[in-house]
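Numbering (my numbering), first residue to last: 9 to 331.
See the structure below:
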């Protein structure tokens, strides 16, 4: 088999998360411009873990686009397949944080540059040169990025990439939840590894019980490995007839942005290192514990892409709080 140049290439949204960072002397809210976008947060963590990563997407020809390009380079993500839109501005998201660290988003994306990626702008060779191709659903909310994502998925399947998927459902960005559901179901048909949250599994399966929801996905789509995140309650892994659950780590969260992305990156890393055909109950347990610890640590900082934990920090938390 030909040696691939990249471990993980991702296609999707890239944006600036403006997070609350106190008040000015005049009593106005101060926002910090944090580079983000779910798939790039995943790549940033994978880069920390020593994986070679690349991003395919689009930014605006503005100061935020330049900031994002610099951030990718700084975090070790190959940005050569990221294109610039001459007319549409970079997507922005304002993150409003609640006292418990949870948050809600206000998006400035009607349109945003990330939605404008065309089929002919996608670097398909970069996908073919990757062991893993990773996406979410935010590149599927609108054309032309929807068609570009579908064509990229086809190229990844033809090239034999492991296809990993985190829906990252953001209801305000969809014309209807029915369209969001269709997009998720479309990618399930391609998916080798799925990371899905507790509310997303209930949404897509219509079942309150998580295990029943996962069983529905396994039966219908034959997804080889599924990771379920349950916030501070921890996570589960489902593989063949194996079901593993690990508790979350206790930290005082500042902001939860990027927690799911950090978990996803660590899960991809574990499956990539082990091999999707060689997963055992013990190995899945180790992957969950490591991913849970990484997800807990990211909540101690604002933003995500530049805030990913170091591997030794993850290992230290596991030593402190491990079972």
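Using N, Cα and C, we set each Cβ at its ideal position, and we do this for glycine too.
Source: prediction; values computed, not measured.
Residues bridged to residue i [DSSP beta-bridge criterion]
i	result
residue 99	23
residue 113	103
residue 86	62
residue 14	138
residue 324	In the DSSP output, where bridge partners are listed per residue, residue 324 has none listed.
residue 209	Residue 209 is not bridged to any residue.
residue 68	93
residue 196	Answer is none; residue 196 lacks a bridge partner.
residue 143	19, 173
Distance between beta carbons of residue j and residue i, contact taken as under 8 Å
i	j	result
residue 175	residue 204	6 Å
residue 199	residue 229	7 Å
residue 293	residue 322	With a Cβ gap of about 15 Å, residue 293 and residue 322 do not count as contacting.
residue 64	residue 99	Not quite, the Cβ-Cβ distance comes to about 15 Å (not below 8 Å), so this is no contact.
residue 96	residue 129	That pair is no contact at about 13 Å.
residue 79	residue 25	No, residue 79 and residue 25 are not in contact; Cβ-Cβ is about 11 Å, not under 8 Å.
residue 243	residue 296	5 Å
residue 259	residue 202	The Cβ separation is near 26 Å, so there is no contact.
residue 159	residue 318	Not quite, the Cβ-Cβ distance comes to about 36 Å (not below 8 Å), so this is no contact.
residue 172	residue 276	5 Å
Assigned secondary structure, residue i (DSSP; H/G/I helix, E/B strand, else coil)
i	result
residue 313	coil
residue 9	In this predicted model, residue 9 has a pLDDT of only 49, less than 50, meaning its place in the structure is not dependable; the value taken from the coordinates is given anyway. Note: residue 9 maps to coil in three-state DSSP.
residue 149	coil
residue 93	strand
residue 31	strand
residue 167	coil
residue 38	strand
residue 125	coil
residue 157	helix
residue 73	helix
residue 47	helix
residue 181	helix
residue 202	strand
residue 318	coil
residue 57	coil
is_contact[residue i, chain D] using C-beta, thresh 9 Å
i	result
residue 130	The structure shown contains no chain D; it holds only a single protein chain.
Please list the segments of the alpha helix (DSSP H) lying wholly inside the segment 211-247, counting only runs of 4 or more residues, in order along the chain. Those alpha helix (DSSP H) runs which fall completely within the segment 211-247 and span 4+ residues are 218-229.
Using a Cβ distance threshold of 8 Å, determine whether the segment 140-159 contacts the segment 185-192, with at least three qualifying pairs required. Touching, yes, given that three or more Cβ pairs across the two stretches are closer than 8 Å.
Would you be able to state if there are at least three C-beta pairs under 8 Å between the segment 262-272 and the segment 310-323? Because the criterion of three Cβ pairs below 8 Å is met, the segment 310-323 and the segment 262-272 touch.
So, does the segment 208-225 touch the segment 254-261, judging by three or more C-beta pairs under 8 Å? With the cut-off at 8 Å, the segment 208-225 and the segment 254-261 do not touch.
Would you list, in sequence order, the uninterrupted beta strand (DSSP E) runs of no fewer than 3 residues that lie entirely inside the segment 245-301? As far as the segment 245-301 is concerned, its whole beta strand (DSSP E) runs of at least 3 residues are 250-254.
Determine contact between the segment 51-60 and the segment 70-78, defined as no fewer than three beta-carbon pairs at a distance below 8 Å. Fewer than three Cβ pairs drawn from the segment 51-60 and the segment 70-78 lie within less than 8 Å of each other, which leaves the two stretches out of contact.
Please confirm if the segment 32-49 is in contact with the segment 133-150, defined as three or more CB-CB distances below 8 Å between the two stretches. Segment contact: the segment 32-49 against the segment 133-150, three or more CB-CB distances shorter than 8 Å; contact assigned.
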